[in-house]
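This note's numbering puts the sequence shown at residues 16 to 119.
For each residue, glycine too, the CB sits at the ideal point set by N, CA and C.
A quick note: this is a predicted structure, and the numbers were derived from the prediction, not measured.
Have a look at the structure below before the remarks.
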Amino acid sequence: AEAVMAARRAPPPESVLWGNVGAKGTATATGRKSRDLGRMISVVSSAALILLYSPVVFFVTSLFSVDSLKGTVTWVADLVEGRPLIEEALALIAPLLLFLLFKT
């Protein structure tokens, strides 16, 4: 059977049960406090993610840069010696190789 998709307009705001979508009385002071708390939690969690995750990513990617690999893995140094195109290609696929390495 062939699938059919139908699109409808969004309902007017007064017909939405806002309590079911987590927005409890946004027009009241309590609703404003709830919204502000949610916004603060969002900002703090985003900042924590950036501050805690970025150093880990920078460290791991520095381990797998082409220059660091040339210094530690001899066959990589031999492979890219005098071949800048291969060195650029390795630099482009290094994130993919890193992903595949940690995936298994």
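Item                                                                                                                                                : Value
Do you know how far the Cα of L64 is from the Cα of L94?                                                                                            : 37 Å
Keeping to the same chain, check which residues put their C-beta closer than 6 Å to that of V91; ignore five residues upstream and five downstream. : L84 and K85
Could you spell out where the alpha helix (DSSP H) holding E102 opens and where it closes?                                                          : P99 to K118
By the three-class DSSP mapping on this structure, what secondary structure does E96 have?                                                          : coil
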